[in-house]
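Undergrad: The structure that follows is given in the form of structure tokens.
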Amino acid sequence: MYDLGIINGKVYTELGFINTNLYVSNGKIAALSDEMFKCKTIENADGAKILPGLIDPHVHFSLTVGNNTSTDDFEKGSINGLLGGITTYIDFLDPVKKKDGIKKAFDERYSLAENSASDYAFHSCLANPTDSAEEMIREGLKYGITSIKLFTTYSNTDRRTYDNYIKELLIHSKENNVRIVIHAENDNLVDYNDRILIKDHEKSRDSLCETTEVLKLAQMARITGGNLYIVHVSSGITADIIAREYRKELENGRIIMESCPHYFIFNSSAYDKCDGYLYTMTPPLRAESERKLLCSNINYISTIGTDHCPFTDNMKNHKFTSETPMGIGGIKYSFLNMYSIFGDSVIKKFTSNVAKAYNLFPRKGALLPGADADIVIFDDSVTDTIKDNTSLYNGIEIQGKIVKVYLGGNCVVNNGKYIISRGKYIKR
């Protein structure tokens, strides 16, 4: 007898949807079958789509920026994620310079995450490191961390990692099967003036900052054969050039471009609004022409992350960007927003593509026998409008509804209501 049977659903696979039943035992996917088996619990999906639990590879829970800390801690943020179908997320350790700092950074974040409602992993994070690239990689592997985040900018706060070090990371990433995750902006083109008005945010770090840096990194990845992952691609020009010039590397996964829902939905005209400070993040929103170009290159964006990092209106309401903590929320609505624009094509960008990029596959990201029974029942026939005065997405029309969410075979969300759950750390 199985613990759970989800019947009469359209089960998502990498080859498309199949009409079959899905069975769960001991927190794992046990079988896909047209047959009816005995189960302790039967859930009739009534023709809804059955998706793997979604994965957000880019969140910042309990992140302190200056005197402000993002408003979603690990419990609140993960619950919001579950309400949006996100059953696994990847957060970041604090940036370190030496390998010995990774243990401390891991212990601190692991302690903060103990109340997480869903499963999670971590990226390690570097800030102008002094220990060797290989040492930093191997230290992270001790804690099940197979991805390293770094910045090519923020030299003003000594967070920038320089090209010679990035080259070494890329070389060693291939032999150690780790992913080098990069916030890519050309530091020499960023305006670090501390009196930049909100309306000038995009101009202070324009798309040329991103495009020139990403092109350089892509060429480094091509030559070294390293595993490159570019976070939050904001520029349609960036995506378009990489799609044309580095098609082979995109296809074989050597280069992965991630983007975020806000870059597909909003544009830089938001900074002219009286509440434009609410739309500040790094990199900034781009011109409408770039937003459209980014949308046209959605097939070359492999993964969608939220860069979820919300702050209150009071925290963000400042005249100058130097005073404003960068970041917005979005984990609750990321899938619904992207599905409403692009349909079924985005499902893999929230599931198998992420899982494969970050060594979570096949445990996560697919409804295969032996995988964790993280499951989303999704009704794409429903239309609705987001009603959430705390979100920038308030008032946006969406297609689809998250009906139920299962974590390890347990129902944790039912018709928009969170029930109860406890997540676990996933070593990779």
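Following the numbering used here, the numbering of the sequence shown begins with 117 at its first residue and continues without gaps.
Think of the CB as a built atom: it goes at the ideal place given N, C-alpha and C, for glycine as much as any other residue.
1) By how many angstroms is the C-alpha of residue 513 removed from the C-alpha of residue 285?
2) In angstroms with no decimal places, state the Cα-to-Cα distance between residue 485 and residue 410.
3) Can you tell me whether residue 539 is buried or exposed, with buried defined as 16 or more other CB within 10 angstroms of its CB?
4) Cutting at 7 Å between CB atoms, please list the residues of its own chain near residue 373, excluding the five before and the five after it.
5) According to DSSP, simplified to helix, strand and coil, what is residue 427?
6) Quick one: is residue 159 buried, meaning 16 or more other Cβ sit within 10 Å of its Cβ, or exposed?
7) With DSSP as the reference, label residue 248 as helix, strand or coil.
8) Where are the alpha helix (DSSP H) runs, 4 residues long or more, that stay fully inside the segment 184–227, in chain order?
9) Out of 504, 519, 212 and 491, state which residue places its alpha-carbon closest to the alpha-carbon of residue 170.
10) Beta carbon of residue 554, beta carbon of residue 389: below 8 Å?
11) Hey, residue 244 and residue 290 are a contact pair by Cβ (cut 8 Å); roughly how many whole angstroms apart?
12) Tell me which same chain residues have a C-beta within less than 7 Å of the C-beta of residue 270, skipping the five on either side of it?
13) Would you mind listing the alpha helix (DSSP H) stretches within the segment 372–458 that are 4+ residues and don't spill past its ends, in chain order?
14) Where does the unbroken alpha helix (DSSP H) through residue 544 begin, and where does it stop?
15) Give me the residue from 500, 188, 449 and 479 with the minimum Cα distance to residue 377.
16) Buried or exposed: which applies to residue 102, given that a residue is buried once 16 or more other Cβ atoms fall within 10 Å of its Cβ?
17) Between residue 627 and residue 234, which are expected to be in contact by the criterion C-beta below 8 Å, what is the C-beta distance as a whole number of angstroms?
18) Note down, in chain order, each residue of its chain lying with its Cβ closer than 6 Å to the Cβ of residue 210, except the 5 sequence neighbours on either side.
19) What is the C-beta distance between residue 138 and residue 122, in whole angstroms, given that I count them as a contact (C-beta under 8 Å)?
20) Round the Cβ separation of residue 432 and residue 422 to the nearest angstrom and send it over; I've been treating them as touching at under 8 Å.
21) Under a three-way DSSP split, which group does residue 240 fall into?
22) Whole angstroms are fine: how far does the CA of residue 446 sit from the CA of residue 298?
23) In angstroms with no decimal places, state the Cα-to-Cα distance between residue 508 and residue 337.
TA: Well, looking at it:
1) If I take the Cα positions, the gap works out to 43 Å.
2) In this model, residue 485 and residue 410 are separated by some 36 Å (Cα to Cα).
3) buried
4) 346, 349, 355, 358, 416, 417 and 418
5) coil
6) buried
7) coil
8) 190–199
9) 491
10) Absent from the structure is residue 554, since the part of the chain shown begins at 117 and ends at 544.
11) About 23 Å separates the two Cβ atoms, so there is no contact after all.
12) 276
13) 377–381, 404–412, 429–432 and 450–458
14) Note, residue 544: premise wrong, no alpha helix (DSSP H); not H, not E.
15) 449
16) Nothing in the structure corresponds to residue 102, since the chain is present only between 117 and 544.
17) The shown model of the chain, from 117 to 544, leaves out residue 627, and the question about it has no answer.
18) So the list reads 221, once near-sequence residues are dropped.
19) 5 Å
20) Not quite, the Cβ-Cβ distance comes to about 17 Å (not below 8 Å), so this is no contact.
21) strand
22) So the two alpha carbons sit approximately 21 Å from each other.
23) 36 Å
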